[in-house]
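Colleague: The sequence shown begins at 393 in our numbering and counts up by one. All residues carry an ideal CB built from backbone N, CA and C; glycine is no exception. Submitted below is the structure of interest, expressed as structure tokens.
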Amino acid sequence: TQSTWGMLRHFLVTCATSLLSQYTSRRMVRIQPFKAFRPRPDIAKDIASPPYDVLDTEEARTMAGDNQFSFLHVNKPEIDLAKEVDIYDEAVYQKGCDNLKKFVGNGWLVRDSEPSLYVYAQKMGEHRQFGIMAGASVQEYENNLIKKHELTRKKKEEDRTKLTYMQNANIGPVFLTYRSSSKIDGIVSRVVSSKAPEHDFTADDGVQHTVWVVPSSETAALVECFQEIPCSYIADGHHRAASAYNVGKMKRAEAEKAGAAVTGEEEFNFFMACFFPHDQLRIMDYNRLVKDLNGFTAEQFLDKVREKFDVSAVGAEQDPKPAQRRQFSMYLGSTWYRLVAKEGSYDNQDPVKSLDVEILTNNILAPLLNIGDLRTDDRIDFVGGIRGLRELQSRCDVDGWAVAFALYPVSLEELMSIADAGEIMPPKSTWFEPKLRSGVLVRIMD
Numbered sequence: 393t394q395s396t397w398g399m400l401r402h403f404l405v406t407c408a409t410s411l412l413s414q415y416t417s418r419r420m421v422r423i424q425p426f427k428a429f430r431p432r433p434d435i436a437k438d439i440a441s442p443p444y445d446v447l448d449t450e451e452a453r454t455m456a457g458d459n460q461f462s463f464l465h466v467n468k469p470e471i472d473l474a475k476e477v478d479i480y481d482e483a484v485y486q487k488g489c490d491n492l493k494k495f496v497g498n499g500w501l502v503r504d505s506e507p508s509l510y511v512y513a514q515k516m517g518e519h520r521q522f523g524i525m526a527g528a529s530v531q532e533y534e535n536n537l538i539k540k541h542e543l544t545r546k547k548k549e550e551d552r553t554k555l556t557y558m559q560n561a562n563i564g565p566v567f568l569t570y571r572s573s574s575k576i577d578g579i580v581s582r583v584v585s586s587k588a589p590e591h592d593f594t595a596d597d598g599v600q601h602t603v604w605v606v607p608s609s610e611t612a613a614l615v616e617c618f619q620e621i622p623c624s625y626i627a628d629g630h631h632r633a634a635s636a637y638n639v640g641k642m643k644r645a646e647a648e649k650a651g652a653a654v655t656g657e658e659e660f661n662f663f664m665a666c667f668f669p670h671d672q673l674r675i676m677d678y679n680r681l682v683k684d685l686n687g688f689t690a691e692q693f694l695d696k697v698r699e700k701f702d703v704s705a706v707g708a709e710q711d712p713k714p715a716q717r718r719q720f721s722m723y724l725g726s727t728w729y730r731l732v733a734k735e736g737s738y739d740n741q742d743p744v745k746s747l748d749v750e751i752l753t754n755n756i757l758a759p760l761l762n763i764g765d766l767r768t769d770d771r772i773d774f775v776g777g778i779r780g781l782r783e784l785q786s787r788c789d790v791d792g793w794a795v796a797f798a799l800y801p802v803s804l805e806e807l808m809s810i811a812d813a814g815e816i817m818p819p820k821s822t823w824f825e826p827k828l829r830s831g832v833l834v835r836i837m838d
């Protein structure tokens, strides 16, 4: 009878879910091959674009210009609408859906015939890093086997969730890292030395991007090697990961409502990610600018800073860039100062409070400059280290900002330790370079 069948189906789904849970916890990091949509080789460079969250709308509109192939039409579709259209308007998401269909329909993105893993290499100057592009598990995200170190902002999370749901696709990879494995490194080395890449181009910013399809003969070995990795960490892309998780939950609910038996193998239970070994990644400094001195004169402010820091002027012939942890550089009144945090100004036993970004916030930004929420206070701005310290000087000397602070970069070990402890890093703590390009690989769900 229908009732009996319903009970049996519920029993089977429960068993499958239980087995999957045991399987996932036993295997730890699980990666899934997928059939990527990849650019036609002759237009790969024209398609590949920066990730959506490093450009505002006007910067994206300018960058795309008259390049009809730019993937910014897909990941920032508001650039194709009138300027007065709100970036969260439903028309924006519909345009993103239409543009993705256009890229596929025009043959600009072509789907691979077989599910595969991919090696994605980036070269920036002398620095090179090799990642594995694969499907990452929604369940592992939920179970915190994909560990987070940042909070997400509701509006941004809702935005990416809507776009992902309407496009039914992962259009930009989540940037994950894991504690390096010599076995995985060995397989990657064999892949890149044994065959020609499918894509190899240098973007306008000078970063080289190279992609290989992992041969089927190496796929199983890679999957097995990742089973030995206890967990992965989000390096960059917390909003993309959260939105993929949200869409996975939505589609799971829809499938169950329709009476389908959800096994965990469905495409919506995975999202596109690029896994990089931790010892190949580079975190750059993420620096701060403040508009005013909160009523202090420059000399009064310096006196207050000296209460918690040893302060010395940096000579014209010296490099003002901080050379180690607990060391900061401050640009004030056209002069660089070296600040060294005094003992007792931070809790060395706390993995978060001992971070340089937190030392700066707790001793200067909050108590002296009255900076409240770093995410929302418009008196503070943040500058990625890729722009250099001259950008900080220019913003002060030309644009009128009162003071700038340069920090020593957070380390991968610090990031992973904080994530392992279940703690959250302060906002704007890490700046990874090079950035993964969007449009190099796209995962569209059937």
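Given a cut-off of 9 Å on the beta-carbon distance, is the pair V421 and E542 in contact?
Modeller: V421 is not a Cβ neighbour of E542, given a cutoff of 9 Å.
Colleague: Could you compute how far the alpha carbon of R338 sits from the alpha carbon of S737?
Modeller: The chain is shown from 393 up to 838; residue 338 falls before or after that span and cannot be answered.
Colleague: According to DSSP, simplified to helix, strand and coil, what is K427?
Modeller: Of the three classes helix, strand and coil, the one that applies to K427 here is coil, per DSSP.
Colleague: May I ask you to verify whether the stretch 759-768 touches the stretch 673-689, counting CB pairs closer than 8 Å and requiring at least 3?
Modeller: In short, these stretches touch, since the Cβ pair count reaches three.
Colleague: With distances taken Cα to Cα, identify the nearest neighbour of H465 among S830, M837, I836.
Modeller: S830
Colleague: Hey, how far is the Cα of P851 from the Cα of E450?
Modeller: Missing from the structure shown is residue 851; the chain here goes from 393 to 838 and no further.
Colleague: Once you ignore the five residues that flank R717 on each side, which residues in its own chain have a CB closer than 7 Å to its CB?
Modeller: D748, Y800
Colleague: Straight-line CA distance for E815 to T556?
Modeller: 28 Å
Colleague: Does M817 come out as helix, strand or coil in the three-state DSSP assignment?
Modeller: coil
Colleague: Going by DSSP in three states, M525 sits in which element: helix, strand or coil?
Modeller: strand
Colleague: Quick one, are the C-beta atoms of A428 and S508 less than 9 Å apart?
Modeller: Between A428 and S508, the C-beta spacing is below 9 Å.
Colleague: Assign M808 to one of three DSSP states: helix, strand, or coil.
Modeller: helix
Colleague: If you follow the alpha helix (DSSP H) that Q460 is part of, which residue opens it and which one closes it?
Modeller: It is not in any alpha helix (DSSP H) - Q460 carries neither H nor E in the DSSP assignment.
Colleague: Could you tell me whether the Cβ atoms of A665 and T602 are closer together than 9 Å?
Modeller: no
Colleague: Taking the beta carbon of G499 as the centre, do at least 16 other beta carbons fall within 10 Å, making it buried, or is it exposed?
Modeller: exposed
Colleague: Compare the beta carbon distance of R432 and L501 with 9 Å and say whether it is the shorter of the two.
Modeller: yes
Colleague: Could you pull the DSSP bridge partners for L894 from this structure?
Modeller: Since the first and last residues shown for the chain are 393 and 838, residue 894 lies out of range.
Colleague: Within 10 angstroms of its Cβ, does G486 collect 16 or more other Cβ (buried), or is it exposed?
Modeller: According to the sequence provided, residue 486 is Gln. The question's Gly does not apply to it. With fewer than 16 Cβ atoms within 10 Å of its Cβ, Q486 is classed as exposed.
Colleague: Under the rule that 16 or more other beta-carbon atoms within 10 Å means buried, what is Y729, buried or exposed?
Modeller: buried
Colleague: Could you check what DSSP says for T416 in three-state terms: helix, strand or coil?
Modeller: The predicted model places T416 with a pLDDT of 41, which falls under 50 and marks its position as unreliable; any figure quoted below should be read in that light. Here T416 sits in helix by DSSP.
Colleague: Please classify D769: does DSSP put it in a helix, a strand, or coil?
Modeller: Here D769 sits in coil by DSSP.
Colleague: Check whether the Cβ atoms of C623 and I538 sit closer than 9 Å, and answer yes or no.
Modeller: Contact: yes.
Colleague: Looking only at C-alpha atoms, which of K643, N661, A436, D770 sits nearest to E534?
Modeller: N661
Colleague: Specify the secondary structure class of I626 as computed by DSSP and reduced to three states.
Modeller: I626: strand per DSSP, three-state reduction.
Colleague: Using a Cβ distance threshold of 8 Å, determine whether the stretch 749-760 contacts the stretch 810-824, with at least three qualifying pairs required.
Modeller: yes
Colleague: Give the single residue among A456, D628, W793, N686 whose Cα lies nearest to the Cα of Q817.
Modeller: It is worth fixing the name first, because residue 817 is Met in this sequence and not Gln. With distances taken between Cα atoms, M817 lies closest to D628.
Colleague: Can you list, in chain order, the residues of its chain with a C-beta nearer than 8 Å to that of L833? Leave out the 5 residues immediately preceding and following it.
Modeller: Hits under 8 Å: A428, F429, R430, Y510, Y512, M525, P565, V603, M664.
Colleague: Taking D438 as part of the alpha helix (DSSP H), name the residues at either end of that continuous run.
Modeller: Note, D438: alpha helix (DSSP H), 436-439.
Colleague: Thinking L568 and F667 are a contact (beta carbons under 8 Å), I'd like their distance in whole angstroms, please.
Modeller: 5 Å
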